[in-house]
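Residue numbers (the working numbering): 19 to 667. Cβ atoms here follow ideal geometry from the backbone N, Cα and C, with glycine treated the same way. Data first, discussion second: the structure below is written as structure tokens.
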């Protein structure tokens, strides 16, 4: 489908890619991996046609469509969320406008026998057929379902896009991209702006509904769930593995070990042969054997071992000054922006040495609570920092706050004070900015390099409370592992805001869940928390036994009494809406069942000799398949809406 041939890209005399070739097939799910700065983003830009290679070419069929989601993009304002997302179907909206215009002409004209009138009838029929085959007016159901899947609420649909943060607006662009269903989908760090639930939804969408996908991500769990092929970029070359990421790591290790064993055996054989030639070179009685060994040596095909990039991040946080036993204590903490309540009645205690995670959907208050701890925003209630607490803070947008016109060295030299200034070169070297790399301008750095540079600030003075807001965004796998180990060895207290399950696994021993204006404490690691959440969800979806159902209802009643979530009148209104939705779902299921029966009968006819020659039957079959797909989309949307309402009871 897409063929890359002899691709070479050079920057400043250095080859980023050196004569590489590969093919992307239909339904390929490719993970593009490599260290920060290896050229992953450049490869995506070349495939998208945004950047041209030094030599070589990328070829694909003329009608092939490509969708590209970059790490950063310029976003336009002016539309509501629903209007902006619906632009994915602007071709359908144009068809609808054209059809309306033609039908208006037909209604106004009276020259029924004229050729122009008959042409208009044919045009109307053609447009109507195109409109129905494209999904007709039902595309809004697909738009709404995708918005809900990526974390938007129904109340967000009519809000202007400029009211949302950059991360949420990137989600809108992702929605548009997914809805267009391009033949090849290029995604550069798509999970950076998503929470755990949205990532799981995206995993399912890409694995089941997308066409070819090539993605760059540093989320191992996400890569394993989506991809079936891994292309590694290493020192200007590529290594292609027809497996997911975890399997690729194993195979790559095995391959290198095999290469090393074969190389060592061959080197021993070569050395033995050269020793024989040298020992008997001048003995006439051994001349024949010597010549034979020389020819044997010339014929040996030398085994090469894959080059390995051994440069690695070396990170160790300075020893933490001793703080009080309880670095953070919150009691009845609440925060609002105007009339918009973020969270209320939050009470928790973080002990010295705790390593905790803040998780939950975006917009539920994780970063806001961090700002409260940092003293950057006001709040009501009580929030105390313990004795001698010194905070080291890595903000989510810290990398974007760097001055593009400064060099790497100048960036650190500007903030360093005292004796640390004599160690700047050593620190930069530990973060893979050694030698000439320290003279690079910030504006030419990749996302991962910017994150590493921002991380250096945390090393400039000893702290005992590390607060890291999405620290793994843009970091490659090795750098993430090094950061994780450094945090585990850190003898202070750590708060990590992250959606990266693999990174949090084995790192944190307590999880604070943000949602529904509350913060709930969960003891245990991230996978203990996720497993519990999954079980809760299954309880809502499973058909329970009467006994289990009674227990569940008793718990629900008890919870309702204690929390007093909604009033009796609101509950009654919700129950009416739920019954109405249940009836609509039942009607939709019956309709789908009838259409499926009709499809089976039609396919039996198509398999018969008469059916094969009936062109109109093929057309009706195609329209029926599209109608079934549309009904299924509407059914899914109703089901999602029903689940939302049931959660409120």
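If contacts are defined as beta-carbon pairs under 8 Å, then residue i and residue j qualify, I think. What distance do you get, rounded to the angstrom?
i           : j           : result
residue 348 : residue 364 : 6 Å
residue 230 : residue 19  : 6 Å
residue 217 : residue 102 : Actually they do not touch by this definition, with Cβ atoms about 22 Å apart.
residue 378 : residue 532 : 3 Å
residue 668 : residue 83  : Since the first residue shown for the chain is 19 and the last is 667, residue 668 is missing from the structure and cannot be characterised.
residue 40  : residue 66  : Contact doesn't hold; Cβ gap of about 16 Å is too wide.
residue 511 : residue 391 : 11 Å between Cβ atoms; not a contact.
residue 493 : residue 469 : 6 Å
residue 613 : residue 645 : 6 Å
residue 366 : residue 514 : In fact, because the Cβ distance is near 15 Å, the residues do not count as touching under 8 Å.
residue 137 : residue 117 : So it is not a contact: roughly 15 Å between Cβ atoms.
Keeping to the same chain, check which residues put their C-beta closer than 6 Å to that of residue i; ignore five residues upstream and five downstream.
i           : result
residue 407 : 341, 345 and 483
residue 38  : 25 and 256
residue 422 : 460 and 461
residue 298 : 304 and 308
residue 334 : 504
Measure the CB-CB distance between residue i and residue j and report whether it falls below 7 Å.
i           : j           : result
residue 212 : residue 106 : no
residue 471 : residue 456 : no
residue 351 : residue 397 : yes
residue 410 : residue 476 : yes
residue 54  : residue 488 : no
residue 237 : residue 518 : yes
residue 373 : residue 499 : no
residue 263 : residue 246 : no
residue 234 : residue 34  : no
residue 56  : residue 251 : yes
residue 508 : residue 529 : no
residue 142 : residue 120 : yes
residue 535 : residue 384 : no
residue 306 : residue 295 : no
residue 133 : residue 75  : no
residue 451 : residue 433 : no
residue 244 : residue 221 : yes
residue 550 : residue 525 : no
residue 386 : residue 360 : yes
residue 159 : residue 652 : yes
residue 48  : residue 288 : no
Using the beta-carbon count (16 or more within 10 Å), is residue i buried or exposed?
i           : result
residue 465 : buried
residue 429 : buried
residue 128 : exposed
residue 541 : exposed
residue 73  : exposed
residue 339 : exposed
residue 278 : exposed
residue 32  : exposed
residue 618 : exposed
residue 139 : exposed
residue 46  : buried
residue 215 : buried
residue 79  : exposed
residue 505 : buried
residue 166 : buried
residue 187 : buried
residue 380 : buried
residue 578 : Summary for residue 578: the model assigns pLDDT 41, below 50, so the residue's position carries little reliability, and this model does not support an answer.
Comparing alpha-carbon positions, which option in the options lies nearest residue i?
i           : options               : result
residue 63  : 205, 51 and 37        : 205
residue 336 : 310, 481 and 207      : 481
residue 661 : 519, 222, 603 and 529 : 603
residue 317 : 300, 303 and 291      : 291
residue 601 : 657, 615 and 646      : 657
residue 286 : 320, 297 and 272      : 320
residue 60  : 77, 29, 79 and 81     : 29
residue 182 : 401, 353, 334 and 96  : 96
residue 545 : 70, 239 and 131       : 239
Spatial neighbours of residue i within its chain, please: CB distance less than 8 Å, with the 5 preceding and 5 following residues excluded, ordered by chain position.
i           : result
residue 620 : 635, 638, 639 and 642
residue 11  : Absent from the model: residue 11. The displayed extent of the chain is 19 to 667, so no value can be given.
residue 43  : 19 and 230
residue 194 : 102, 103, 105 and 106
residue 371 : 509, 510 and 511
residue 355 : none
residue 89  : 59, 206, 207, 210, 465 and 492
residue 312 : 295
residue 168 : 189, 192, 193, 212, 216, 219 and 220
To which residues of the same chain is residue i closer than 7 Å at the C-beta, ignoring the five residues directly before and after it?
i           : result
residue 575 : Summary for residue 575: the model assigns pLDDT 46, below 50, so the residue's position carries little reliability, and this model does not support an answer.
residue 654 : 163
At a Cβ threshold of 7 Å, is residue i touching chain D?
i           : result
residue 354 : Of the chains in the structure shown, none is chain D; there is only one protein chain.
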